[in-house]
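Worksheet for the structure shown next.
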Amino acid sequence: MSSNDGQTSRRDFLATTLALAPLAVTVVGQTAAQSINGEQLPSSSPAPDHPSVPDYRPSYFTSAEWAFINAACARIIPADEHGPGAVELGVPQYIDRQMGTPWADGGIWYMQGPFFAGAPEFGYQSQLTPKQQYRMGIKAIDTLCHERLNMPFVALTAAQQDDVLKQIEKGSLTSTELPLSTFFSGFLLRNVMEGYFGDPMYGGNKDMAAWKMIGYPGVRADYLEWVGQAKPYPYGPVSIYGKRG
Amino acid sequence: MSRPARNRWLIAGLGLIAAATVVVSAVVYHVPDPAISPALTHRTPDATRGEYIAVLGDCAFCHTETAGPSYAGGRAFSTPLGTIYSSNITPDRDTGIGAYTLADFVRVMRLGVKPDGTRLYPAMPYTAYAKVADEDLQDLFAYVQSDIAPLPVASRATHIPWPLSIRWPLALWNAAFHDDSRFVTDGSKDSQWNRGAYLVQGLAHCGTCHTPRGIFFEEKDLRGRSNLYLSGSGLDATSPINLRGNSGDGLGRWSTADIATLLKSGRSEHSAVTGTMADAVRHSTQYMTDQDVTSIAIYVKSLSPAPEHGRASFVASDSTMSTIMAGSERSPGGRIYLDSCAACHRLSGSGENSTFPTLAGNPSVLSSDPSSLIGVILEGGRVPSTAAAPSGLAMPGFGWRYSDADIAALATFTRSSWGNNAPPVTAAKVAGIRDQLRSGRPDH
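For the record, the sequence lines run as chains A and B. In terms of the working numbering, the first sequence is residues 1 to 245. In terms of the working numbering, the second sequence is residues 1001 to 1444.
Below, the structure is given as structure tokens:
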């Protein structure tokens, strides 16, 4: 850049800034007025309370996809001696409900091109929305299972399902339709963990069972008085809606 | 009864009615004399000093609609009779008070009577402003007339149904309850105490909210003659606290500096203000001189305790904290406190200095009428941002999270823990406050 260019752009910058200054004052003025006049408090109530229900019917997933989600959840966090599994805690419901949020359509992301296969540190680069990831990912996995074992994922034994999922996670099993490791690690596994450990108001973590399993006391936010106590925290968990587990 | 006897009674009755009509008419149609000292005509008013008088009187808050132009009126006040709106007090000649003379201004400030004889509702605290000295009113008038921009904003009509909307009975109300005498200096007290008493009883009109009212909505004491003065009240869905020397629900354990700090910054070691008092701090008390807030604090600290009967007590105790720490807190209110309140107000109920109010021994928690406590739990509150303490800290509301019974249990727990000893709160009381807050919202 020549020094002349530098001069021009500095002048442009100053001109633009000066033009915008009154606007900035107006906006700042309004913000101040809103916070100073009266008791305008930020709303503190969260999204509606939708805990898991026994007879849930999926609204996004087809019945075949719903069977896949349930089977995959049961293998990713199975019920064992440590605690309940993802299916028992309503995680499939959680994932289906997430498909109805703006997130599922990529509505909270920048979704314009260009679309490059960037390095992981650049974050999610695909043009596929989460909904598309699930629709295409489940179809691709079932196609792979048909090709190799001649049956859908849900019909495999637990050991075979584990093997398929592990290979997808490692990247040794993938599809030409989409990178399956991204679907698995970036969506399926992540959403299963969210549903399992998230607040019960979103449909998973029924009765805070996952929190009780790990001894997490929920949303009390502060435990300063217990620092230095040589005994376990004595109270069970509490949820965002104030319920106790 | 014989006929002559009956006639005598009839005549006596008619005579009484006629006499009463004459007396009532004399009271009702009389436009009273504002009684200004003749010496004022030789005094040069000081508008700059008048601006500070306006701050002391907190004129701007009531006479400015939320986000509206200053002093143009329009702020809504709900009263037991209905909604009334503050008037335009800019010097616009048609819609404001630009055509007022000093006598007109003083008459409305002290007697609540407009130049045309219309009576104001005592929501305008002329019952307090009557105490204000001639010179202060003259300077205030000079400020309003010369330094405020005239704005043509017509006053909004009141929403009071007929026949309650008829205003002449206010003359009778004034005759019965208004004390229009000036403040009288108490020679047995020093000048700072007297300055404090003058401000509290007059311009700062503390009694408007903090003095209990009788069945005719009259303040039970307008000039600090009894120990009911500033002893706490109930107003809309709030319960302004007892400012007298009681050690439970009053300011008995506060120092003069604590009170002055609260007025300057909106918070103190013990407490913080929200709601209407936050507005008073935001628009008025934070701008008072250090000397004036200290004078107010000295006067308030001199007030003897209100009658103790039925009032809360406080004797610090750590048994609540030990029960919680032992893992044996089982009461519904105690568990809610642990889940939703302790992160800020701490298990000890002692909060954090000047940040999260102390609940142990807090007059708002211990108030005979728990309305303000319930209101803050339901809807939260915001501490005003002041020059002395700019952070406008807020508490979120918990009305969405808990039922009336839950909130009653929680309020009862806070009123009976850490040494607090105040009567329990019922779910019905919480339901009432919830309704009042909901119907008081502008979108309703």
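Ideal placement from N, C-alpha and C gives every residue a C-beta, glycine not left out. These numbers were taken from a predicted model, which means no experiment stands behind them.
Bounds of the alpha helix (DSSP H) holding alanine 71 of chain A are 63-76.
Excluding the 5 residues flanking it on each side, serine 1331 of chain B has same chain C-beta neighbours closer than 8 Å at Ala1409, Phe1413, in chain order. Taken in chain order, the complete alpha helix (DSSP H) segments of 4 or more residues contained in the stretch 1050-1103 of chain B are 1059-1062.
In summary, isoleucine 141 of chain A is buried, with 16 or more beta-carbon neighbours lying within 10 Å of its beta-carbon over all protein chains present. Using a Cβ distance threshold of 8 Å, lysine 131 of chain A and tyrosine 60 of chain A count as a contacting pair.
B/Thr1127 is the residue among B/Leu1359, B/Thr1127, B/Gly1381 whose C-alpha sits nearest the C-alpha of alanine 1176 of chain B. For the 8 Å CB-CB criterion, alanine 1204 of chain B and leucine 1056 of chain B form a contact. Interface annotation for the stretch 1409-1422 of chain B against chain A: empty, criterion Cβ-Cβ distance under 7 Å. DSSP lists B/Leu1235 as the beta-bridge partner residues of threonine 1238 of chain B. In the DSSP assignment, tryptophan 1193 of chain B falls within the unbroken alpha helix (DSSP H) covering 1191-1201.
Ranked by Cα distance from phenylalanine 1061 of chain B, the first of B/Ile1036, B/Ser1284, B/Glu1379, B/Ile1407 is B/Ser1284. Residues of the same chain with a CB within less than 6 Å of the CB of tyrosine 1402 of chain B, apart from the 5 flanking positions on each side, do not exist. Only residues of its own chain outside the window of five on either side were considered, and among them Thr1274, Ala1278, Gly1392, Leu1393, Ala1394, Met1395 have a CB closer than 8 Å to the CB of arginine 1382 of chain B, listed in chain order.
A straight-line Cα-Cα distance of about 25 Å links proline 78 of chain A and asparagine 150 of chain A. Contact annotation, histidine 1063 of chain B with serine 1086 of chain B: C-beta distance approximately 5 Å; criterion of less than 8 Å satisfied. Look at alanine 119 of chain A: its C-beta is not under 8 Å from any C-beta on chain B. The beta carbon of tryptophan 1254 of chain B sits no closer than 8 Å to any beta carbon of chain A. Across the stretch 1314-1328 of chain B, CB contacts with chain A closer than 7 Å involve Met1325, Gly1327, in sequence order along the chain. Between glycine 1399 of chain B and glutamate 1379 of chain B, the CB-CB gap stays under 8 Å. Boundaries of the alpha helix (DSSP H) around proline 1332 of chain B: 1332-1340.
For the 8 Å CB-CB criterion, alanine 1312 of chain B and leucine 1366 of chain B form a contact. At a cut-off of 8 Å, the C-beta of aspartate 1236 of chain B has no neighbouring C-beta in chain A. Nearest in C-alpha terms to asparagine 1362 of chain B, of all of B/Asp1139, B/Asp1258, B/Pro1034, B/Gln1436, is B/Asp1258. Using beta-carbon distances, glutamate 147 of chain A does not count as an interface residue toward chain B, since no partner is under 8 Å. Collapsing the DSSP output to three states places histidine 1270 of chain B in coil.
Looking at the backbone, the Cα of threonine 1041 of chain B and that of lysine 1264 of chain B are separated by about 36 Å. With respect to chain A, the C-beta atom of alanine 1343 of chain B has a partner C-beta closer than 8 Å.
DSSP lists A/Gly218, A/Arg244 as the beta-bridge partner residues of valine 238 of chain A.
Around proline 51 of chain A, no beta-carbon contact reaches into chain B at under 8 Å, the shortest distance being about 15 Å. For glycine 83 of chain A, the three-state secondary structure derived from DSSP is strand. When secondary structure is reduced to three states using DSSP, phenylalanine 122 of chain A falls in the helix class. At a C-beta separation below 9 Å, proline 179 of chain A has no neighbours in chain B, since its nearest C-beta there lies roughly 42 Å away. Residues are counted here when their Cβ sits less than 7 Å from a Cβ of chain B; for the stretch 203-237 of chain A these are Arg220, Ala221, Asp222, Glu225, Pro234, Tyr235, given in chain order.
Interface annotation for the stretch 182-202 of chain A against chain B: empty, criterion Cβ-Cβ distance under 8 Å. Alanine 230 of chain A and isoleucine 1407 of chain B have their alpha carbons spaced roughly 33 Å apart.
In this structure, the straight-line span from the alpha carbon of leucine 1251 of chain B to that of isoleucine 1084 of chain B is close to 33 Å.
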